[in-house]
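*Asks:*
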């Protein structure tokens, strides 16, 4: 009888030792995860103040992790000796990125030593060095939309879907126009221009989105949230094992 009691007591001690050991291990792992959740959560709560929504990351390994690929177009728009390339990732003129991107450009023209880059609802005016001079929204223009942009006799010309045409020398004053126009058309980009533009047209991701995906586990794919769930189960096990260790200690104290 004493031998059975001894074995039973030894087995309980071994279970207690293993429980303490795994409780500490799970606590260490969970503690690191809690630190990450707390730090990323605080950062996301102050995303605007920290500028996370405007900070773009273009690290190659991260872009690949999201399944994105750099797509440098084969064609662009030329005006005299200048080249315009635009993608969803940015806008480049003569191999230099524009601070103000122009999504889905429809053309590029020059007049009076100024460069005019346009999309369906917006015109960016630049000087000969590619520096921003003005930005014209559709409300600043005499048309409700822009379908084409081109060059006339010393003027830049824009037209809408009804082929209503207006021309300007400076982008400020627009007058109806019916003269000859050479409309901007896309052309095959020279290899040198594509090479210079490549670093600025690689896909980018907002830091806010990366943090949000890392916070939720989605950054590592469809199994990421399952990993977060698994850590949640670890938390429950820690709570249960901690309660059991506490209860066991109290029972032992009362017994003695």
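Numbering (my numbering), first residue to last: 896 to 1151.
Idealized CB from N, CA, C, for every residue including glycine.
1. Using the Cα positions of residue 942 and residue 933, report the straight-line distance between them to the nearest angstrom.
2. Reducing DSSP to helix, strand and coil, say where residue 968 ends up.
3. Assuming residue 985 contacts residue 978 under a Cβ cut-off of 8 Å, what Cβ separation, rounded to an integer in Å, is found between them?
4. Could you give the first and the last residue of the continuous alpha helix (DSSP H) run that contains residue 1105?
5. What are the boundary residues of the alpha helix (DSSP H) that residue 945 is part of?
6. Determine the closest residue to residue 950 out of 1012, 1082, 960, 1102, with distance taken between C-alpha atoms.
7. Compare the Cα-Cα distances from residue 996 to each of 1026, 1004, 1007, 1119 and report the closest residue.
8. Here's a check: name, in chain order, each residue in its chain whose Cβ is nearer than 8 Å to the Cβ of residue 1028, leaving out the five neighbours to either side.
9. Compute the beta-carbon to beta-carbon distance between residue 980 and residue 968, rounded to the nearest angstrom, for a pair I have assumed lies under 8 Å.
10. Which residue from 1078, 1044, 1125 puts its Cα closest to that of residue 1011?
11. Got a sec: does the ligand HEM put a non-hydrogen atom nearer than 7 Å to the Cβ of residue 1017?
12. For the segment 1039–1091, list the beta strand (DSSP E) runs that are entirely contained and at least 3 residues long, ordered along the chain.
13. Is the distance from the Cβ of residue 1007 to the Cβ of residue 1049 below 8 Å?
14. Could you check the C-alpha separation between residue 993 and residue 1134 for me, to the nearest Å?
15. With a 10 Å radius around its C-beta and 16 neighbouring C-beta atoms as the bar for buried, classify residue 1002 as buried or exposed.
16. Can you tell me whether residue 993 is helix, strand or coil according to DSSP?
*Replies:* Judging by the given coordinates:
1. 14 Å
2. coil
3. Going by Cβ atoms, the distance from residue 985 to residue 978 rounds to 14 Å, so no, they are not a contact pair.
4. 1102–1111
5. 942–945
6. 1102
7. 1026
8. 1009, 1020, 1021, 1022, 1066
9. 6 Å
10. 1044
11. Ligands displayed in this structure: none; no statement on the ligand HEM is therefore possible.
12. 1043–1046, 1051–1054, 1060–1063, 1081–1083
13. yes
14. 54 Å
15. buried
16. coil
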